[in-house]
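Chemist: Have a look at this one.
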Amino acid sequence: MGMSKNQGSTLQKRGQFTSSLGFILAAAGSAVGLGNLWKFPYIAGSSGGGVFLLFYLIFVCVLGLPILLTEMAIGRKTQISAVGAYKKLNKKWTFVGVLGVVCAFVILSYYSVIGGWVLKYIAGYATGGNFGADTKQYFDTFVSSPVEPVVWHLIFMLFCAVVVVGGVAKGIEKASKIMLPLLFLMIVVVAVRSATLPGGMEGLKFLFVPNFSALDSFEKVANAMVSAMGQVFFSLSLGMGITITYGSYLKRDTNLSKDAVVISGLDTVMALLSGIAIMPAVFAFGFKPQAGPGLIFATLPSVFSEMPLGGLFGLLFFILVFFAAATSAIALLEVVSAFLIDSFHWSRKKATILMSCLMGAIGAVASLSMGALSGVTIANMNIFDAMGYLTDKILMPLAALFMCIFVGHVWGIKPVVEEIELGSAGPFRLRWIFSMILKYIAPVLILVIFIMGLIPAK
Ligand code: PHE
């Protein structure tokens, strides 16, 4: 294919972020989502609490930040979406971009199911906020029913499709500018309420004090590490070209390293706040931190019931969670669509509508795997959990691993550093450690943890 010609035609249709703040908010909008609010607390809960958090923070610095920065640089340099970017740099490595697109596709299929749960809780609060005496029971009944969660999931997917058909700047930028700061304020309020509940201290201890003595087997250590790495990739939207695509909409004069630090910092703070909002309540109300994907949905209604105007708070909170989820989902859909638009010249409308229908169908199966189809298992997991395993523990680490090898050993660190230095005032001071990480530390670390994750738990 004549890349230069194709690329030219694509560029004309390509929007650009009007400001650096616009980019940060949009990129943070893609990063901050259900991964922080829903996934972080439940993964932390089931993977060792404080020990998990320790690994998580280490991996954010050693893996998350450098990879995020590299993706931004690749995107801005090549000016096209993930697959096109790799193709342009080195044809043989196109598969890394494709891997990312596949990953985005699988993630969005189940992400949208959780988005549907959020919609259900908005509806629940809007109609009086009665979640019964046993909020866990309420959630379990809802999630295992055959029709309702599927319908909410499809509504969520439809919403995303409508925004993406509308185009980049218009749809995404506007929404994240208002919603993200509001969500931040809101979650601080909820975190304070939760942390001050009687018995809440136990939850904070669980989350922040690593209990190494509980790590009495290789499986537990491996689980904490593998989960932490997968969660870092998931939370920062890495390994699937999200940031490559966003970076391609960036102007040359933005300071990439500063933006990368701000984005990963915001994302981590949001995850921590969410943990502080959930974990104390889990202990205060006698839930189990290991409860799994339903953790926040069972816990939060109990927290809101302990707050003055709790019903109103609950409503507002879930509306903001919806927007956080939507901006992430939109980013995922954008990656899948941009791939089809840039590679096959599909129209934005055709790409988006076809893909949302397909993901809608797969998501429906994932949703049913928590009820009617719960008997269908893959490697002892239901379909929903298996999809999460596939993306977090296999596809994302592999994509990130290949990206590090490609940049570190094939394309070279030099062009990345040059791109990073373009918008900054001086030379990139962390150049040495940055290249050590990309070339050696990250690939080895990812590979080792990846293999640890493949060893079956006894
Ligand atoms: N990072 C998003 C979140 O935390 C999820 C996501 C993953 C979005 C991968 C895009 C790509 O919710």
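With the numbering used here applied, the sequence shown corresponds to residues 146 to 603, in that order. Ideal Cβ positions, reconstructed from N, Cα and C, are used throughout, including at glycine.
What does DSSP give as the partner residue(s) for residue 523 in the beta ladder?
Modeler: Beta-bridge pairing links residue 523 to 526.
Chemist: With DSSP as the reference, label residue 175 as helix, strand or coil.
Modeler: Helix at residue 175.
Chemist: Pairs of beta-carbons, one from the stretch 581-592 and one from the stretch 541-554, closer than 8 Å: are there three or more?
Modeler: Enough Cβ pairs lie closer than 8 Å, so yes.
Chemist: Buried or exposed: which applies to residue 462, given that a residue is buried once 16 or more other Cβ atoms fall within 10 Å of its Cβ?
Modeler: With 16 or more other Cβ atoms within 10 Å, it is buried.
Chemist: In chain order, what residues of the same chain have a beta carbon less than 6 Å from the beta carbon of residue 582, not counting five sequence neighbours either side?
Modeler: Correct list, in chain order: 211.
Chemist: To the nearest angstrom, report how far apart residue 234 and residue 427 are at their CA atoms.
Modeler: Approximately 48 Å between the Cα atoms of the pair.
Chemist: Enumerated in chain order, which unbroken segments of the alpha helix (DSSP H) with a length of 4 residues or greater are wholly contained in the stretch 384-454?
Modeler: You should have 387-392, 401-429, 440-450.
Chemist: Regarding residue 144 and ligand 1, is the C-beta to nearest heavy atom distance less than 7 Å?
Modeler: Outside the shown range of the chain (146 to 603) lies residue 144, about which nothing can therefore be said.
Chemist: Can you grab the Cα-Cα spacing for the pair residue 231 / residue 282, in whole Å?
Modeler: Spanning the two alpha carbons is a distance of roughly 48 Å.
Chemist: Entirely within the stretch 264-309 and at least 4 residues each: give me those alpha helix (DSSP H) ranges in chain order.
Modeler: Taking only runs of at least 4 residues, the alpha helix (DSSP H) segments lying wholly in the stretch 264-309 are 280-289.
Chemist: Please indicate yes or no: does the CB of residue 95 lie closer than 7 Å to some heavy atom of ligand 1?
Modeler: This structure gives no information on residue 95, because the portion of the chain shown stretches from 146 to 603.
Chemist: Could you check the C-alpha separation between residue 483 and residue 395 for me, to the nearest Å?
Modeler: The alpha-carbon atoms of residue 483 and residue 395 are separated by roughly 15 Å.
Chemist: Counting C-beta neighbours from all protein chains within 10 Å, is the total for residue 525 16 or more, i.e. buried, or is it exposed?
Modeler: Classification of residue 525: exposed, given that the 10 Å Cβ count is below 16.
Chemist: Can you give me the start and stop residues for the alpha helix (DSSP H) that residue 594 sits inside?
Modeler: Start and end: 587-599.
Chemist: With distance defined between alpha-carbon atoms, name the residue in 227, 196, 190, 481 nearest to residue 393.
Modeler: The residue with the shortest Cα to Cα distance from residue 393 is 227.
Chemist: What do you reckon, is the C-beta of residue 473 under 7 Å from a heavy atom of ligand 1?
Modeler: Within the cutoff, so yes.
Chemist: Keeping to the same chain, check which residues put their C-beta closer than 7 Å to that of residue 118; ignore five residues upstream and five downstream.
Modeler: Residue coverage of the chain in this structure runs from 146 to 603, which leaves residue 118 outside it and unanswerable.
Chemist: Quick check: the Cα distance between residue 223 and residue 389, rounded to an integer number of angstroms?
Modeler: Their backbone Cα atoms lie some 9 Å apart in a straight line.
Chemist: Go ahead and label residue 376 buried or exposed: buried means 16 or more other beta carbons lie within 10 angstroms of its beta carbon, across all protein chains shown.
Modeler: Classification for residue 376: buried.
Chemist: Identify, in the order they occur along the chain, each residue of the same chain with its Cβ nearer than 8 Å to the Cβ of residue 216, setting aside the five sequence neighbours on each side.
Modeler: The residues are 383, 386, 387, 388, 389, 392, 548.
Chemist: Leaving out the 5 sequence neighbours to the left and right, which residues in its chain are closer than 6 Å to residue 182 when beta-carbon positions are compared?
Modeler: Excluding sequence neighbours, residue 182 sits near 419, 466.
Chemist: Look at the Cβ atom of residue 187, then the Cβ atom of residue 508, and state whether they are nearer than 8 Å.
Modeler: Contact: no.
Chemist: Between the alpha carbons of residue 304 and residue 249, how many angstroms are there, rounded?
Modeler: C-alpha separation (whole angstroms): 17 Å.
Chemist: Can you tell me whether residue 387 sits near ligand 1, meaning its C-beta is under 7 Å from at least one heavy atom of the ligand?
Modeler: The answer is yes for residue 387.
Chemist: Run the proximity test for residue 177: is its beta-carbon closer than 7 Å to any non-hydrogen atom belonging to ligand 1?
Modeler: For ligand 1, at least one heavy atom lies less than 7 Å from the Cβ of residue 177.
Chemist: Taking the CB atoms as reference points, tell me whether residue 196 and residue 493 lie closer together than 8 Å.
Modeler: Contact flag unset, no.
Chemist: Suppose the cutoff is 7 Å on Cβ atoms and the five residues either side in sequence are ignored; what does the same chain contact list for residue 241 look like?
Modeler: Cβ neighbours of residue 241 beyond the five flanking positions: 231, 544, 547, 548, 551.
Chemist: By Cβ distance below 6 Å, which residues in the same chain neighbour residue 459 in space, the five residues on each side in sequence not counted?
Modeler: Cβ within range, chain order: 270, 274, 449.
Chemist: Measuring from the CB of residue 327, is there a heavy atom of ligand 1 at a distance below 7 Å?
Modeler: Checking the Cβ of residue 327 against ligand 1 gives no.
Chemist: Put residue 607 into one of helix, strand or coil per three-state DSSP.
Modeler: Outside the shown range of the chain, which is 146 to 603, sits residue 607, and nothing can be said about it.
Chemist: Nearest to residue 407 by CA position, among 170, 161, 162, is which residue?
Modeler: Out of 170, 161, 162, 170 has the C-alpha closest to the C-alpha of residue 407.
Chemist: Distance, Cα to Cα, residue 402 vs residue 413?
Modeler: The straight-line gap from Cα to Cα measures roughly 16 Å.
Chemist: Would the C-beta of residue 476 count as close to ligand 1, meaning under 7 Å from any of its heavy atoms?
Modeler: Yes; taking the cut-off as 7 Å, the Cβ of residue 476 has a heavy atom of ligand 1 nearer than that.
Chemist: Buried or exposed: where does residue 272 fall if 16 or more other Cβ atoms within 10 Å of its Cβ makes it buried?
Modeler: Under this definition residue 272 is an exposed residue.
Chemist: Considering Cα atoms alone, identify which of 253, 229, 189, 194 is closest to residue 175.
Modeler: For the residues 253, 229, 189, 194, the minimum Cα distance to residue 175 belongs to 253.
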